[in-house]
Amino acid sequence: MKKHLLLWVAVIALGMVFTSCNKAGDEAPSDAVMTSEDLTTSMDIFQSTEDEIDAELESRGPNGPNDCPMVTVTPGDWSFPRTVTIDYGTDGCEGPDGRVRRGQIIVTQTDTMRNAGAVRTATLVDFYVDDAHVEGTKTWTNQGFDANGNPVINRTVTGGSITFPDDSQITWEADHTITLIEGAGTPALLDDVVQITGGSNGVNRNGVAYSFVIDEQDPLTKRRLCRWVESGTLEMTVGNVTRLINYGNGTCDPYAILTLENGNTRIIHVRAWWRP
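When you read off a place in the sequence shown, starting at 1, and then add 1, the result is the number in our numbering.
Right, here's the structure in full:
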């Protein structure tokens, strides 16, 4: 199994930030919009953090071409168990994706992630993405293979939270199963396709609890070559009301459809709402 599989996350809404676009005559409940933004903001920021881990551990490693971030590996011979510290410093630095990060990501790993039972844990220390303070611990565990021979990783987020520059905060806990359905037979990242199932829960910026569950019959699907989730459905619950978010049928674009409890729909545009 390729060790980079665990870095796909839950994407999850895989990783993106939803901001709604009104349809004439259809005003969605504020908590539905707020929760859509907050849920997918969590996914987007945590996904970008995983991409950074991927880039630093899989592509560059220590002694790379740039001074920021600084990567330190203990023990130095890369044996297991190992600890890797990715340090962006207090001033931070801009990554290839245009995001400015500061603080540290501390990664511990028990074994190569190609082996069943291997565990990787990432802890964020005074960590910021575009001035949003991100906290939490992510854990990936190699579950071996499914009945079809596809590599499977369990991924959890505990104590996840994002505090924005205006002091508003969202929280997030997650438990997902990530299955590599294409690309396991090659060392390249770009041919990978993953499916994600499971769920998450938290509290949005208005202090309202939310949860979501991915439809196991229509799991979220993401290609490495596409920035966005391309298909899949999840059920988002705010209070006692459940609404659907559908990502379409395989088109690589930044849009999804939010279906309200009355059957009306809203087009959701994936973008970072907290940045100017």
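Cβ coordinates follow ideal geometry from the N, Cα and C atoms, glycine included.
For Asn202 and Glu174, the rounded distance between their alpha carbons
The alpha-carbon of Glu174 is positioned some 5 Å away from that of Asn202.
Ordered along the chain, which non-local residues of its own chain (more than five positions away) have a Cβ less than 8 Å from that of Ser284?
This structure gives no information on residue 284, because the portion of the chain shown stretches from 2 to 277.
Could you give the distance in angstroms between the alpha-carbon of Thr111 and the alpha-carbon of Leu40?
One C-alpha to the other measures close to 30 Å.
Start-to-end residues for the beta strand (DSSP E) that takes in Arg244:
Boundaries of the beta strand (DSSP E) harbouring Arg244: Val242 to Asn250, taken from the DSSP string.
Residue environment, Asn64, which counts as buried when at least 16 other CB atoms sit within 10 Å
Because Asn64 carries a pLDDT of 49, less than 50, the predicted location of this residue cannot be relied on, and no value is offered for it.
Once DSSP output is grouped into helix, strand and coil, what is the label at Ala123?
Strand.
What three-state label does DSSP hand Phe47 in the structure shown?
Secondary structure at Phe47: helix, using DSSP grouped into helix, strand and coil.
Taking 8 Å as the threshold, find out whether the segment 139-148 comes into contact with the segment 118-125 through three or more Cβ pairs.
Taking one beta carbon from each stretch, the segment 139-148 and the segment 118-125 have 3 or more pairs nearer than 8 Å; the two touch.
Give the secondary structure of Leu261 by DSSP, where H, G and I count as helix, E and B as strand, and everything else as coil.
Three-state DSSP puts Leu261 in coil, outside helix and strand.
Check Glu57 in the structure and name its three-state DSSP category.
Three-state result, Glu57: helix.
How long is the line joining the alpha carbons of Asn263 and Val239, rounded to whole angstroms?
In this structure, the alpha-carbon of Asn263 lies about 15 Å from that of Val239.
Of the residues Asp254, Asp132, Leu261 and Val101, which one's Cα is nearest the Cα of Asn241?
Nearest to Asn241 by alpha-carbon distance, out of Asp254, Asp132, Leu261 and Val101, is Leu261.
Could you give the distance in angstroms between the alpha-carbon of Met71 and the alpha-carbon of Ile87?
Counting only the Cα atoms, Ile87 lies some 6 Å from Met71.
For Thr180, which of Arg267, Glu95 and Asp147 has the nearest alpha-carbon?
Per the Cα distances, Asp147.
Could you check what DSSP says for Ala185 in three-state terms: helix, strand or coil?
In the structure shown, the three-state DSSP call for Ala185 is coil.
Using the rule of at least 16 other Cβ atoms within 10 Å of the residue's Cβ for burial, across every protein chain shown, is Phe81 buried or exposed?
By the 16-neighbour rule on beta-carbons within 10 angstroms, Phe81 is exposed.
Closest to Gly104 by CA distance: which of Asp131, Glu217 and Pro166 is it?
Closest by alpha carbon: Asp131.
With burial defined as no fewer than 16 other Cβ atoms inside 10 Å of the residue's Cβ, what is the status of Asn265: buried or exposed?
Taking all protein chains in view, the Cβ of Asn265 is surrounded by fewer than 16 other Cβ atoms within 10 Å, so the residue is classified as exposed.
In three-state DSSP terms, what is Ala117?
Coil.
Where the beta strand (DSSP E) containing Thr164 begins and where it ends
DSSP places Thr164 in the uninterrupted beta strand (DSSP E) bounded by Pro152 to Thr164.
Endpoints, the beta strand (DSSP E) within which Asn143 is located:
Unbroken beta strand (DSSP E) run through Asn143: Ala133 to Phe146.
Per DSSP, cross-strand counterpart(s) of Thr180:
Thr180 is bridged to Val153 and Gln196.
Can you tell me which of the three DSSP states Leu191 falls into?
It is coil, neither helix nor strand.
Please classify Gly118: is it buried, with 16 or more other beta-carbons within 10 angstroms of its beta-carbon, or exposed?
Per the 10 Å Cβ criterion, exposed.
DSSP beta-bridge partners of Cys94:
For Cys94, DSSP records a beta bridge to Arg102.
Could you compute how far the alpha carbon of Val195 sits from the alpha carbon of Glu183?
Cα-Cα distance, rounded: 7 Å.
Buried or exposed: Leu226, going by 16 or more other Cβ atoms within 10 Å of its Cβ?
By the neighbour-count rule (16 or more Cβ atoms within 10 Å), Leu226 is not buried but exposed.
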